[in-house]
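*Asks:*
In the numbering used here, the protein residues as written are -18 to 228.
#1: Rounded to whole angstroms, what's the CA-CA distance from residue 205 to residue 131? Just pull it up for me.
#2: Got a sec? Which residues, its chain only, sit under 7 Å from residue 104 by beta carbon, not counting five neighbours each side?
#3: Secondary structure at residue 37, three-state DSSP: helix, strand or coil?
#4: Mind listing, in chain order, the continuous alpha helix (DSSP H) runs of no fewer than 4 residues lying wholly within the segment 27 to 80?
#5: What does the alpha-carbon distance come out to for the pair residue 118 and residue 29?
#6: Applying the criterion that 16 or more other CB atoms from any shown protein chain within 10 Å of the CB defines a buried residue, is residue 216 buried or exposed?
#7: Using the Cα positions of residue 110 and residue 178, report the straight-line distance between them to the nearest angstrom.
#8: So, helix, strand or coil for residue 198, using DSSP?
#9: Who are the near neighbours of residue -9 in its chain, counting only those whose CB is closer than 7 Å to its CB and skipping five residues on each side?
#10: Going by DSSP in three states, residue 119 sits in which element: helix, strand or coil?
#11: Look up residue 185 in the DSSP assignment and say whether it is helix, strand or coil.
#12: Pull up the distance between the alpha-carbon of residue -2 and that of residue 99, whole angstroms please.
#13: Quick check on DSSP: helix, strand or coil for residue 9?
#14: Along the chain, where does the alpha helix (DSSP H) containing residue 89 start, and where does it finish?
#15: Do residue 122 and residue 69 have their CB atoms nearer than 8 Å?
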């Protein structure tokens, strides 16, 4: 039986992926801060799901991950779904600090730790849920966009390290567009995608051992436009979207 650990599985994409992997016969280790939500999910698949309740930003996060790996007798796939994003009209350090601690520090620390585990094991796969926001800056949540750009680049860098070390380790950088979860905040949203559809596409991309994927197909078009759009046009669109949010 293959084994996966999903960080941030109490809701949204993390929960959807946990259900999908359990339904497909995997042993699934799930983590989050809210024990009742973990228990509810575990009760749906009591033979396959193992829970571990802890805050991924806590100092003991990697020891909790190690405990879960030991309890599961190893892991083949590690998925980092935990993340926060807050709307801010101007810089606010209290908000930015929370975003950085979860999206950047916790992701880097835990994924780097599991990467080293896979080095010793001889192979494995890590998937990091970044965002389409990683491609450009954003006026409504600057620290969120920057944090997703960081983890997207980090995923690519880990892939290059694995190649340089000649190890069979794949890191999949997943960039969703707007998904119908608690993370989709603020106005001006379009093409908001259902969680189950996105989870199926993420599941397929991970199974195909892809290093980069944008979900869904519509959002691949947006990603291409964002990547090659001239700055003057991007600034113009940002102004239009900001005006729309104020309405």
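Cβ coordinates follow ideal geometry from the N, Cα and C atoms, glycine included.
*Replies:* Short version:
#1: Position 224 of the chain shown holds residue 205. Position 150 of the chain shown holds residue 131. Going by the C-alpha atoms only, they are around 19 Å apart.
#2: The sequence position of residue 104 within the chain shown is 123, counting from 1. Within the same chain, and ignoring the five residues on either side of residue 104 in sequence, the residues whose Cβ sits closer than 7 Å to its Cβ are 148, 149 and 150.
#3: Along the chain shown, read from residue 1 onward, the residue named residue 37 stands at position 56. Note: residue 37 maps to coil in three-state DSSP.
#4: Here the runs fully enclosed are 42 to 53 and 74 to 80.
#5: Within the chain shown, residue 118 is the residue found at index 137, counting from 1. Within the chain shown, residue 29 is the residue found at index 48, counting from 1. The alpha-carbon atoms of residue 118 and residue 29 are separated by roughly 40 Å.
#6: Numbered from 1 along the chain shown, position 235 holds the residue referred to as residue 216. Exposed: under 16 other Cβ atoms inside 10 Å.
#7: As a first step, residue 110 is located in the chain shown; it is residue number 129 there, counting from the start. As a first step, residue 178 is located in the chain shown; it is residue number 197 there, counting from the start. Their backbone Cα atoms lie some 15 Å apart in a straight line.
#8: Translated into positions along the chain shown, residue 198 becomes position 217. In the three-state scheme derived from DSSP, where H, G and I count as helix and E and B as strand, residue 198 is classed as helix.
#9: For the purposes of this step, residue -9 is taken as the residue at position 10 of the chain shown. Once the five neighbours on either side are set aside, the close Cβ partners of residue -9 are 13, 15, 18 and 19.
#10: Here residue 119 corresponds to residue number 138 of the chain shown, with the count starting at 1. Three-state DSSP puts residue 119 in coil, outside helix and strand.
#11: Indexing the chain shown from 1 puts residue 185 at position 204. Here residue 185 carries a helix assignment [DSSP, helix/strand/coil].
#12: Indexing the chain shown from 1 puts residue -2 at position 17. Indexing the chain shown from 1 puts residue 99 at position 118. Cα to Cα, residue -2 sits roughly 21 Å from residue 99.
#13: Looking up residue 9 in the chain shown gives position 28. It is a strand residue.
#14: The residue labelled residue 89 in the question sits at position 108 within the chain shown. Note, residue 89: alpha helix (DSSP H), 88 to 102.
#15: To locate residue 122, count along the chain shown from 1; it is residue 141. To locate residue 69, count along the chain shown from 1; it is residue 88. Cβ distance < 8 Å, so residue 122 and residue 69 count as in contact.
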